[in-house]
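Accompanying notes for the structure given below.
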Amino acid sequence: MNNKEYIAELARQTGYSQEDAQKLVRKVIDAMISQFEEGEAVAIPNFGTFEVKKRMERMVVNPTTKKRQLVPPKLVLAFRPVAAIKEKLKNGGVGDE
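At position 4 of the sequence shown the residue is numbered 60 (this note's numbering), and the sequence of numbers has no breaks.
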């Protein structure tokens, strides 16, 4: 599902126009981004938690040249789904409904 399809489905399910649904999604994403910039996690009930994690610096080896390089530390966005979603995916998408 791409963004256009998602907005159309959201608009259909909520009764909003596609323009209003797009604005709503943009506001939610902007709010989440501002929390990530502050290093805060965003938990969505019955879905999961998005959190900013620090990846430590590490050495990597280019397999072609065998040259070693130091990769600096960086922040990455991680997602941890709730147990119910993990279990449903583990069972091939079939779960308790």
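C-beta atoms are modelled at their ideal positions from N, C-alpha and C, and glycine is treated no differently.
| Check | Outcome |
| --- | --- |
| Which of helix, strand or coil DSSP assigns to A99 | strand |
| Identified DSSP bridge partners for E107 | A134 |
| P109 and L126 closer than 9 Å at C-beta | Looking at the sequence shown, residue 109 is not Pro but Lys. Cβ atoms of K109 and L126: not closer than 9 Å. |
| Reduced DSSP secondary structure (H/G/I, E/B, other) of M154 | Lying before the first or after the last residue shown, residue 154 is absent from the chain, which here runs from 57 to 153. |
| When M112, E96 and Y62 are compared against P129, the one with the closest alpha-carbon | M112 |
| Assigned exposure category for I85 - 16 Cβ within 10 Å defines buried | exposed |
| Inter-residue spacing [alpha-carbon to alpha-carbon] between A67 and I100 | 20 Å |
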